[in-house]
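Here the structure comes first, spelled out in C-alpha cells, and everything after it is commentary.
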Amino acid sequence: MKVAAITGPRQCSLVDKPDPRPAGDIVVVKVHAAPMCTEYKAYAAGWGGDCLGHEAAGEVVQVAQPGKVSVGDRVVVMPLSPCGQCPHCLAGQYIHCQSGIDPVALTGSGAGNATYAQYLLKSDWMLLPIPEGMSYDHASMACCGIGPTFGAMQRMNAGAFDTVLITGLGPVGLGGVINAVYCGAKVIAVDTNPYRANLARKLGAAAVVDPSKDDALQQILDLSGGGIDKAVDCSGVPQAQRLMIDALKRRGQACFVGEAGDLTIRISNDMIRKGISLHGQWHWSMADAPLIMKLIADSTDKLNTLITHTFPMSDVGKAWELQLTGQCGKIVLHPW
Numbered sequence: 326m327k328v329a330a331i332t333g334p335r336q337c338s339l340v341d342k343p344d345p346r347p348a349g350d351i352v353v354v355k356v357h358a359a360p361m362c363t364e365y366k367a368y369a370a371g372w373g374g375d376c377l378g379h380e381a382a383g384e385v386v387q388v389a390q391p392g393k394v395s396v397g398d399r400v401v402v403m404p405l406s407p408c409g410q411c412p413h414c415l416a417g418q419y420i421h422c423q424s425g426i427d428p429v430a431l432t433g434s435g436a437g438n439a440t441y442a443q444y445l446l447k448s449d450w451m452l453l454p455i456p457e458g459m460s461y462d463h464a465s466m467a468c469c470g471i472g473p474t475f476g477a478m479q480r481m482n483a484g485a486f487d488t489v490l491i492t493g494l495g496p497v498g499l500g501g502v503i504n505a506v507y508c509g510a511k512v513i514a515v516d517t518n519p520y521r522a523n524l525a526r527k528l529g530a531a532a533v534v535d536p537s538k539d540d541a542l543q544q545i546l547d548l549s550g551g552g553i554d555k556a557v558d559c560s561g562v563p564q565a566q567r568l569m570i571d572a573l574k575r576r577g578q579a580c581f582v583g584e585a586g587d588l589t590i591r592i593s594n595d596m597i598r599k600g601i602s603l604h605g606q607w608h609w610s611m612a613d614a615p616l617i618m619k620l621i622a623d624s625t626d627k628l629n630t631l632i633t634h635t636f637p638m639s640d641v642g643k644a645w646e647l648q649l650t651g652q653c654g655k656i657v658l659h660p661w
C-alpha cells in the first residue's frame with residue numbers, strides 16, 4: 326500500500342508499505358477519507374516519518390474473526406488505539422486510556438497505524454457505523470473536525486440560552502461554530518485571519534472579533550450583554566485563552582481544546598471570586614455517538630462549507646502548503 330511520508334523540511338513523498346493484516350478483534354480498513362490536522366507543522370519542520378494522521382473514514386475489508394463489524398461495513402475510524410478494558414474505555418472516555426495497544430505489533434504487520442495511508446488497522450469497537458446516505462468525507466468530521474468541540478458543548482451543556490465564545494478559527498474552531506449554532510447558542514468568534522472569519526460567519530457566527538484590536542474584550546462584552554456564558558479555546562494561544570477567561574461572566578464555563586503551553590490563571594480573581602469553571606476537553610464520549618452522527622446528518626450544508634478543499638493523497642504536499650497559508654478550512658485527503 327501507499328502511505329504519505331515527510332522526507333525533509335517541506336518535502337514529502339508516497340512510500341510503499343506492506344498491506345496490513347487482521348488479527349483478533351483488529352480489522353483492516355480501506356481508507357476513503359483522511360482529514361488533515363496539524364501534521365503540516367511536522368511537514369514545515371521536516372520531522373521525518375511515515376506514520377501520519379489520526380482521522381479517517383473508510384470500509385472494512387478484512388476481519389480475522391466474527392466481531393462488531395463485518396467486511397463491507399462503512400465506518401468512522403476513531404483516533405488512538407486504547408485498551409478497551411479500563412474504566413475510561415468502558416465509560417466511553419477511551420481518549421483518556423493509559424494502557425493503549427499497538428495494532429501493528431499485535432497483528433505482526435509492517436504498517437497500519439497511519440491514516441495518511443490506503444489501509445489501516447483498528448480494533449473493531451473503535452469503528453462507528455456510517456449511516457446510509459452519509460458521505461465518507463462528512464462522516465470523518467466526527468474525528469477532529471467537529472469531535473473535540475462537540476465534546477466541549479456536551480461537557481458544558483451549551484444551549485439556546487447561551488452566548489458561546491470560540492477563540493481560534495482553525496478547522497477545529499470552525500467546527501466549534503457548527504456545534505454551538507446547532508445547540509441554538511449565539512456564537513461570537515475570535516480570530517485575526519479574514520478568510521476564516523468569513524467562514525465562521527457563513528457557518529452562523531453572529532460576530533467575529535479581531536483579538537489584535539485594543540478594544541477586543543470590550544467588543545465581546547458589548548456583543549454578549551456583559552459577559553460570555555460558555556467558551557471554547559481552539560487556538561492554543563495564551564493571549565486568546567486569557568481573553569476568553571476575561572470575557573466570561575460570573576459562574577461562566579470554558580473548555581480548553583487547543584493544545585498549548587503555560588497560562589497564568591488567577592486563583593482568587595478568576596476562579597474563586599468570579600466562580601468560573603475551566604475544563605480540559607480532548608475529544609467526546611463514544612456514548613454520544615448517535616448524537617454526533619445526527620448532528621452530521623443534519624449539517625450537510627455547513628460541512629460542505631467547513632471542508633474547503635480535498636486532495637488525492639498523491640498531492641499531500643500541495644495540501645500541506647495550502648494549510649501553511651491559513652487560507653482553508655478543513656482539508657480531506659483521498660488515498661485512492
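So the sequence shown is numbered by this note's numbering: it starts at 326 and just counts up by one.
Beta carbons are placed, not taken as given, at the ideal position from N, Cα and C, and that holds for glycine.
- The DSSP assignment places complete alpha helix (DSSP H) segments of no fewer than 4 residues inside the segment 341 to 419 at 364 to 370, 412 to 415, in order along the chain.
- A direct Cα-Cα distance of roughly 42 Å separates Leu339 from Leu568.
- Closest option to Ala485, judged by alpha-carbon separation, among Ala381, Gly373, Lys555: Lys555.
- Under the DSSP assignment, Thr650 falls in the alpha helix (DSSP H) whose first and last residues are 641 to 650.
- Thr625 and Ser593 have their C-alpha atoms roughly 44 Å apart.
- A Cβ-Cβ contact shorter than 8 Å links Ser406 with Gly425.
- The Cβ atoms of Tyr441 and Gly383 do not sit closer than 8 Å to each other.
- By the criterion of at least three beta-carbon pairs nearer than 8 Å, the segment 388 to 395 is not in contact with the segment 589 to 606.
- Beta-bridge pairing by DSSP links Asp571 to no other residue.
- Below 8 Å, enough C-beta pairs join the segment 455 to 469 and the segment 357 to 373 to call them touching: three or more.
- Contiguous beta strand (DSSP E) elements confined to the segment 431 to 486 occur at 444 to 448, 452 to 454, taking only those with 3 or more residues.
- If you look at Ile503, you'll find it in the alpha helix (DSSP H) that goes 496 to 507.
- Contact check for Ile553 and Val534: beta-carbon distance about 11 Å, past the 8 Å limit, so the pair fails to qualify.
- Counting the other Cβ atoms within 10 Å of the Cβ of Asp341 gives fewer than 16, which makes it exposed.
- The C-alpha of Val429 is placed about 14 Å away from the C-alpha of Cys408.
- For His634, DSSP records a beta bridge to Ile656.
- Using a Cβ-Cβ distance cut-off of 8 Å, the segment 571 to 584 and the segment 596 to 603 are in contact, since at least three pairs of beta carbons, one from each stretch, lie closer than that value.
- Taking each of Gly651, Ala348, Asp350 in turn and checking the Cα distance to Asn518, the smallest one comes out for Gly651.
- Rounded to whole angstroms, the gap between the alpha carbons of Ser549 and Leu494 is 19 Å.
- In the three-state DSSP reduction, Ile590 falls in the coil class, being neither helix nor strand.
- Look at Asp554 here: in three-state DSSP terms it is strand.
- When beta bridges are read from the DSSP output, Gly605 appears opposite Phe581.
- When the Cα atoms are used, His413 and Gly509 turn out to be separated by approximately 30 Å.
- When the alpha-carbon of Asn438 is set against those of His634, Ile351, Met618, Phe475, the nearest one is in Ile351.
- Beta-carbon to beta-carbon, Val562 and Ala585 are separated by about 7 Å, close enough to satisfy the 8 Å threshold.
- Annotation: the continuous beta strand (DSSP E) that includes Lys327 extends over 327 to 333.
- Close CB contacts of Trp372 within its chain, under the 7 Å cut and outside five residues either way in sequence, are with Ile331 (chain order).
- C-alpha of His421 to C-alpha of Met478: approximately 18 Å in a straight line.
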